[in-house]
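Numbering-wise, UniProt numbering puts 42 at position 42 of the sequence shown, and it's gapless, one number per residue.
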Amino acid sequence: MTAHHLQGSLFDQSDDPRLGPLDGLRRTVLGAGAWIDVLPGWLTGSDTLFAHLAAEVPWRAEQRRMYDNVVAVPRLLAFYGEGAALPHPVLDEARRALSAHYAGELGEPFVTAGLCHYRDGHDSVAWHGDRIGRGADRDTMVAIVSVGSPRDLLLRPAGGGAGGTVRRPLGHGDLIVMGGSCQRTWEHCVPKSGRAAGPRISVQFRPRGVR
Ligand SMILES: O=C(O)CCC(=O)C(=O)O
Ligand SMILES: [Fe+2]
């Protein structure tokens with residue numbers, strides 16, 4: 001048994017995916033109106049959820065045009081629009097809990113779920129803000145639940161300007177919420193990992209009109 005699998009079984013012993021309370025959320029103010037809230041291990045039984053999502057979600061391998069070439073998007077994707085049944089009931093529960101917790105500050109519920117499957121360390125997402133739609137000019141929130149092997153989520157001021165890069169390893173049921181101006185004054189990425197990274201799935205909850 002590899003150290004990786006051993007860690008999965010030690011840290012995550014319950015089988016049924018379950019959410020804990022949200023009171024452990026800790027806020028880090030990034031500056032320029034941006035912040036992140038993080039709660040490690042919000043979801044227990046995350047290995048079971050990972051296996052379920054990996055097998056049951058209709059993953060799409062997309063391609064993008066890059067100048068004169070067509071290149072593979074380096075991760076698998078799925079998207080559940082407003083009203084669509086999510087691929088596991090614990091994700092409906094997570095969306096409800098997050099909507100209730102942030103109702104005062106966000107003023108609207110989380111409604112959509114985007115899923116990314118990073119098959120190994122070669123998969124990644126480049127620096128970006130979630131700026132398609134209202135994230136481009138208004139404060140909003142994007143809440144991400146991660147299952148499977150941890151990968152680093154990096155955040156930096158938009159354009160890579162002055163100020164340090166913030167790094168949060170996310171996997172095994174961890175929750176991060178990016179809020180305030182985070183999608184337009186900061187950007188985030190999941191870089192390729194040189195080490196032999198195991199697979200990770202992230203579930204991003206967003207309000208209406210944010211992508
Ligand atoms: O996988 C993650 O945690 C980040 C995904 C992301 O930034 C996105 O899909 O917009
Ligand atoms: Fe993003």
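Glycine included, every Cβ here is placed at the ideal spot set by N, Cα and C.
Can you check which of these residues, the options, is closest to residue i by C-alpha distance?
i: ALA126; options: LYS192, ALA100, LEU25, ALA197; result: LYS192
i: GLY133; options: ARG26, GLY209, LEU154, GLU187; result: GLY209
i: ILE36; options: GLY159, PRO157, LEU22, GLY180; result: GLY180
i: PRO169; options: PRO21, PRO40, GLN63; result: PRO40
i: GLU187; options: ARG206, VAL147, ALA136, ALA54; result: ALA136
i: ARG96; options: ASN69, ARG119, PRO21; result: PRO21
i: VAL90; options: ASP15, VAL70, PRO157; result: ASP15
i: THR44; options: SER146, LEU155, LEU25, PRO207; result: SER146
i: ARG167; options: ASP120, LEU155, GLY159; result: LEU155
i: ALA113; options: ARG64, GLU82, CYS182; result: GLU82
For the putative contact between residue i and residue j, defined by C-beta atoms under 8 Å, what is the C-beta separation to the nearest angstrom?
i: HIS172; j: PRO150; result: 6 Å
i: VAL38; j: LEU175; result: 7 Å
i: ILE201; j: GLY121; result: At roughly 15 Å, the Cβ-Cβ gap does not stay under 8 Å, so ILE201 and GLY121 are not in contact.
i: HIS128; j: ALA54; result: Actually they are not in contact, since the Cβ atoms of HIS128 and ALA54 sit about 24 Å apart, beyond 8 Å.
i: PRO207; j: GLU93; result: Not a contact, Cβ separation roughly 18 Å.
The beta strand (DSSP E) spanning residue i covers which residue range?
i: GLU187; result: 186–190
i: SER193; result: Here SER193 belongs to no beta strand (DSSP E), and DSSP marks it neither H nor E.
i: LEU22; result: Premise fails: LEU22 is in no beta strand (DSSP E) and is neither H nor E.
i: ASP37; result: 34–39
i: THR112; result: 112–118
i: SER202; result: 200–206
i: TRP127; result: 125–128
i: ILE176; result: 174–180
The alpha helix (DSSP H) spanning residue i covers which residue range?
i: ARG95; result: 89–106
i: SER146; result: Segment 142–148 is the beta strand (DSSP E) holding SER146; no alpha helix (DSSP H) there.
i: ALA51; result: 46–56
Look at the alpha carbon of residue i and the alpha carbon of residue j, and state the distance between them as a whole number of angstroms.
i: LEU19; j: VAL177; result: 15 Å
i: ASP152; j: VAL190; result: 6 Å
i: TRP42; j: LEU25; result: 9 Å
i: THR48; j: PRO87; result: 13 Å
i: MET1; j: LEU115; result: Low per-residue confidence applies at MET1: pLDDT is 43, beneath 50, and the placement is therefore not dependable, though the value from the model is reported in the following sentence. One C-alpha to the other measures close to 29 Å.
i: residue 246; j: ARG211; result: Past the edges of the chain, shown from 1 to 211, lies residue 246, and the structure says nothing about it.
i: ALA84; j: VAL111; result: 9 Å
i: PHE205; j: GLU62; result: 20 Å
i: ALA197; j: ASP68; result: 31 Å
i: ARG195; j: ALA51; result: 22 Å
i: THR185; j: LEU98; result: 23 Å
i: PRO119; j: TYR80; result: According to the sequence displayed, residue 119 carries Arg and not Pro. One C-alpha to the other measures close to 20 Å.
i: ARG60; j: ALA78; result: 6 Å
i: VAL203; j: ASP130; result: 14 Å
i: MET66; j: THR165; result: 27 Å
i: SER46; j: PRO157; result: 31 Å
Is residue i close to ligand 4? I mean its beta-carbon at under 7 Å from any heavy atom of the ligand.
i: ASP130; result: As for ligand 4, it is missing from this structure, which binds only ligand 1 and ligand 2.
**Prompt:** Are the segment 17–34 and the segment 71–79 in contact at 8 Å, needing three or more beta carbon pairs?
**Reply:** They do not touch, by the three-pair rule.
**Asked** Using 8 Å as the Cβ pair cut-off and three pairs as the minimum, do the segment 94–112 and the segment 139–157 touch?
**Response** Touching, yes, given that three or more Cβ pairs across the two stretches are closer than 8 Å.
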